[in-house]
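Protein chains: 2
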Amino acid sequence: MNRRPTIMDVAARAGVSKSTVSLVLQGSRQVRDETRAAVEKAMGEIGYIYNRAAANLRSSSVGLVGLVINDLRNPFFTEFATSLQMALAAEGYATVIANSDEDVELQAKLVGSMIEHGVSAMVISPAYGEARDTFDQLARRGLPVMQVLRQGDERTDLFPFSSFDYATGSARATQHLLQKGAQNVAFVGGLPGRAITRERKSGWREVLRKEGLEQVALHGKSSRAFGMEMAETLIAEHPEIDAAVCFNDLVALGLIAGFARAGRPVGTEFRVVGFDDIEEAAQSWPQLSSVSCDIAQFAQDTATRLLAWMVEGKRPEPEMRMPVRLIARTSSTGEAT
Amino acid sequence: MNRRPTIMDVAARAGVSKSTVSLVLQGSRQVRDETRAAVEKAMGEIGYIYNRAAANLRSSSVGLVGLVINDLRNPFFTEFATSLQMALAAEGYATVIANSDEDVELQAKLVGSMIEHGVSAMVISPAYGEARDTFDQLARRGLPVMQVLRQGDERTDLFPFSSFDYATGSARATQHLLQKGAQNVAFVGGLPGRAITRERKSGWREVLRKEGLEQVALHGKSSRAFGMEMAETLIAEHPEIDAAVCFNDLVALGLIAGFARAGRPVGTEFRVVGFDDIEEAAQSWPQLSSVSCDIAQFAQDTATRLLAWMVEGKRPEPEMRMPVRLIARTSSTGEAT
DNA sequence: AATAGCTATTGGATCGTTCCAAATCCAGCC
DNA sequence: GGCTGGATTTGGAACGATCCAATAGCTATT
Chain A
691 MNRRPTIMDV AARAGVSKST VSLVLQGSRQ VRDETRAAVE KAMGEIGYIY
741 NRAAANLRSS SVGLVGLVIN DLRNPFFTEF ATSLQMALAA EGYATVIANS
791 DEDVELQAKL VGSMIEHGVS AMVISPAYGE ARDTFDQLAR RGLPVMQVLR
841 QGDERTDLFP FSSFDYATGS ARATQHLLQK GAQNVAFVGG LPGRAITRER
891 KSGWREVLRK EGLEQVALHG KSSRAFGMEM AETLIAEHPE IDAAVCFNDL
941 VALGLIAGFA RAGRPVGTEF RVVGFDDIEE AAQSWPQLSS VSCDIAQFAQ
991 DTATRLLAWM VEGKRPEPEM RMPVRLIART SSTGEAT
Chain B
691 MNRRPTIMDV AARAGVSKST VSLVLQGSRQ VRDETRAAVE KAMGEIGYIY
741 NRAAANLRSS SVGLVGLVIN DLRNPFFTEF ATSLQMALAA EGYATVIANS
791 DEDVELQAKL VGSMIEHGVS AMVISPAYGE ARDTFDQLAR RGLPVMQVLR
841 QGDERTDLFP FSSFDYATGS ARATQHLLQK GAQNVAFVGG LPGRAITRER
891 KSGWREVLRK EGLEQVALHG KSSRAFGMEM AETLIAEHPE IDAAVCFNDL
941 VALGLIAGFA RAGRPVGTEF RVVGFDDIEE AAQSWPQLSS VSCDIAQFAQ
991 DTATRLLAWM VEGKRPEPEM RMPVRLIART SSTGEAT
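In structure tokens form, the structure reads like this:
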């Protein structure tokens, strides 16, 4: 016989009952140390492998957390995904990472597949678009589901939402640029009409409004390519603009690349602040000033709150904002660091 | 009663037997259309959700593929992971992505957890370090396992290995730099003693040897930060060097940033070629020349070969090399594109 | 009308765990 | 020696699907 060994085989070998083996597997404290040792020895000898499917079937709790990310190629999200996976792994939970690639259809499939696989909770950074059905399905299953970094469903009582305090961040960035001597600060990037764009823009807008300054905003896909393109636009059509708060670091880096290409240095005659403080920000030149979002800490927090919900039933508050911090570097100060 | 509905409930509602429901679930062609419709209607009405754990228990084949990546933060790997996930999804397989973060212990845990969850195959880009036990475990289970992009175990008959033809790529890059007028070409990045470093270096070495040129290689962690640091080293200690083939694009971008910081433009007096052609290469300034590895195509290929193995039992050849292509851009030609 | 040969449907056994209530063990005490 | 009570151990039922062999329903053929 060459089938995969089961607890029965282990039990036979160790001279105990299958129930005892099961207890050992679950790390129960009520089995005698010698018994446990014997069972573990037997497991090693016959090369036993735990069958989670069977266990799940009976106990219907899987120690599996689903994570659906709208854009795993974005380093910001990658960092979040890996940090969350590690935080959950430390508590004995496995994480299934999936990338919806900003496609609500695919997202629905992924969520469905995860539910079928019996995840016991879910963390989702939703794709843009209508996903009411997907969330309804989640609600029906009664799973703990947290929305992070983006809000895809307004029912935050059902699906608590947590993110960063972007508004304050963009206000700080704008003040910083003005203080450094900038006269006209543009906002670059972010797709119009989206909540996250509104938030990252709102602080900038408030500050400019108070100062009575004109507001120039260039919206578009938040990529490096868009930033590069906008450099040309700014130079050609808005020569008065001498600083920019960017939707994210990718746009900011693209903008800087665009200015470099046009032979215009960034840091003194043109100042830039990005958003997210991705690793690259400190390692490009000029080094990029950025509103830092401590994503590893955020992931850790998310894990903690999710576990409290799963294990103790303590549902997180409907909305949480993590504070952000402005990191001033060469691209806004002109000074080497 | 408020438990999750089962196929029995569906069967009762639809007035058929559980077996019929099971057949519908499996998309069998042998149930009558009206019957299928009735069953599907019933499923919709009572909100039935498929329980994969139960199905797996009986059928022991899960449609789940495990993917373990040594560094998911690296955009090259992220791209591979997402592309593979999509290619497999198209064939009805779900992919579990996990990040070992270059830690063999964690890698062992992840592999173990995936086996427990009953993955039916595995794709792994191994972490550096001794992982014999992990591979042994995989071998015992008899799972189809493919090593990609990195070889962690020498038994390629058991664990077929596929990657890119790096040696040819670095030879081309070096020839290209010499042809553009470079006199002394350094190699920057890559941890010494590793197979992938050897490969990416070998083409460069061969070309320089044939030309009778001196070989300067600066090894280290292949990150942006290292590249930046090496810019200073090159300027201070190797002023004769006027071009570099870099281990990867991150190092190349760091190197360029470092030269920019020192006020030395890259493209004419100093030329750089990277490796991987990540998205950013075309969107930085100067645009980065790079040895392009079509990772999406590679992922697609990997999926195809893996499926042939899983489904038809056709084991892939032990070693496969995908051709690469040199993309010349500003950083090596000095010309804007 | 009986038979054969399909197609469509079905009941029971089964997968490998966990859960539960009951049984067993064992030291301490009267 | 019998009894008590906590610590260990145990057998059988259950989880929810699939698989398999058997059955029922049809049509076409003899």
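Just so you know, the sequences run in chain order A and B.
Residue numbers for the first sequence follow the numbering used here, so the first one is 691 and each next one is one higher.
Residue numbers for the second sequence follow the numbering used here, so the first one is 691 and each next one is one higher.
Positions of the beta carbon are idealized from the N, C-alpha and C atoms, including for glycine.
These numbers come from a predicted model, not from an experiment.
Residue closest to residue i, alpha-carbon to alpha-carbon, out of the options
i, options, result
"TYR783(B)", "GLY957(B), MET1012(B) and ALA993(B)", "ALA993(B)"
"VAL758(A)", "ALA732(A), TYR740(A), VAL752(A) and VAL794(A)", "VAL794(A)"
"ARG1011(A)", "GLY859(A), ALA811(A), GLY802(A) and LEU800(A)", "GLY859(A)"
"ASN760(B)", "ARG726(B), MET776(B), PRO1008(B) and ILE814(B)", "ILE814(B)"
"ALA788(A)", "ALA771(A), MET776(A), LEU778(A) and GLU781(A)", "ALA771(A)"
"GLY948(B)", "PHE937(A), CYS936(A), GLY948(A) and GLN977(A)", "GLN977(A)"
"THR696(B)", "ARG726(B), GLY734(B) and VAL721(B)", "GLY734(B)"
Buried versus exposed call for residue i [16 or more other C-beta atoms within 10 Å across all chains shown]
i, result
"MET691(B)", "Caution is warranted here: a pLDDT of 43 is assigned to MET691(B), below 50, making its placement in the model unreliable, and no coordinate value can be reported."
"GLU970(B)", "buried"
"VAL706(A)", "buried"
"ALA704(A)", "buried"
"VAL786(A)", "buried"
"ALA921(A)", "buried"
"GLU724(B)", "exposed"
"MET698(A)", "exposed"
"ALA732(B)", "buried"
"GLY753(A)", "buried"
"VAL809(A)", "buried"
"PRO1008(B)", "exposed"
"ALA728(A)", "buried"
"SER1022(A)", "buried"
"ALA777(B)", "buried"
"SER709(B)", "exposed"
"ALA779(A)", "buried"
"ASP826(A)", "exposed"
Span of the alpha helix (DSSP H), counted from its first residue to its last, around residue i
i, result
"ILE985(A)", "985-1002"
"GLU806(B)", "794-806"
"ARG1015(B)", "Where ARG1015(B) is concerned, there is no enclosing alpha helix (DSSP H), although the beta strand (DSSP E) it sits in stretches over 1015-1017."
"GLN827(A)", "822-831"
"PHE937(A)", "Taken as a continuous stretch (DSSP letters only), PHE937(A) belongs to no alpha helix (DSSP H), as it is neither H nor E."
"GLU889(A)", "885-901"
"PHE849(B)", "Per DSSP, PHE849(B) belongs to no alpha helix (DSSP H) and is neither H nor E."
Proximity of residue i and residue j at Cβ, strictly below 8 angstroms
i, j, result
"PHE854(A)", "VAL1014(A)", "yes"
"TYR856(B)", "GLU904(B)", "no"
"PHE851(B)", "VAL835(B)", "no"
"LYS891(A)", "ALA876(A)", "no"
"GLY917(B)", "LEU943(B)", "yes"
"ALA817(B)", "ASP843(B)", "no"
"GLY893(A)", "THR887(A)", "no"
"VAL941(A)", "VAL878(A)", "yes"
"ASN746(B)", "ALA743(A)", "yes"
"VAL956(B)", "ILE968(B)", "no"
"THR763(B)", "GLU769(A)", "According to the sequence as given, residue 763(B) is Arg; it is not Thr. Yes, Cβ-Cβ distance for ARG763(B) and GLU769(A) is below 8 angstroms."
"GLN797(B)", "THR824(B)", "yes"
"ALA863(B)", "GLU896(B)", "no"
"ILE925(B)", "ALA952(B)", "yes"
"TYR740(A)", "LEU713(A)", "no"
"GLU806(B)", "LEU997(B)", "no"
Contact belief for residue i with residue j at Cβ below 8 angstroms, rounded distance in angstroms
i, j, result
"ALA989(A)", "LEU774(A)", "4 angstroms"
"GLN873(B)", "ASP932(B)", "6 angstroms"
"PRO929(B)", "HIS909(B)", "The pair is not a contact, with the Cβ atoms about 20 angstroms apart (cut-off 8 angstroms)."
"LEU867(A)", "ARG961(A)", "5 angstroms"
"SER979(A)", "VAL963(A)", "5 angstroms"
"LEU839(A)", "VAL801(A)", "Going by Cβ atoms, the distance from LEU839(A) to VAL801(A) rounds to 17 angstroms, so no, they are not a contact pair."
"ILE736(A)", "VAL700(A)", "7 angstroms"
"PRO765(B)", "PRO765(A)", "7 angstroms"
Element boundaries [beta strand (DSSP E), containing residue i]
i, result
"PHE877(A)", "875-878"
"ILE925(A)", "Taken as a continuous stretch (DSSP letters only), ILE925(A) belongs to no beta strand (DSSP E), being part of the alpha helix (DSSP H) at 914-927."
"ARG961(B)", "961-966"
"GLN837(B)", "835-838"
"ALA907(B)", "906-908"
Residue i Cβ short of 7 angstroms to the ligand NAD heavy atom set
i, result
"MET812(B)", "Annotation note on the ligand NAD: not contained in the displayed structure, which lists no ligands."
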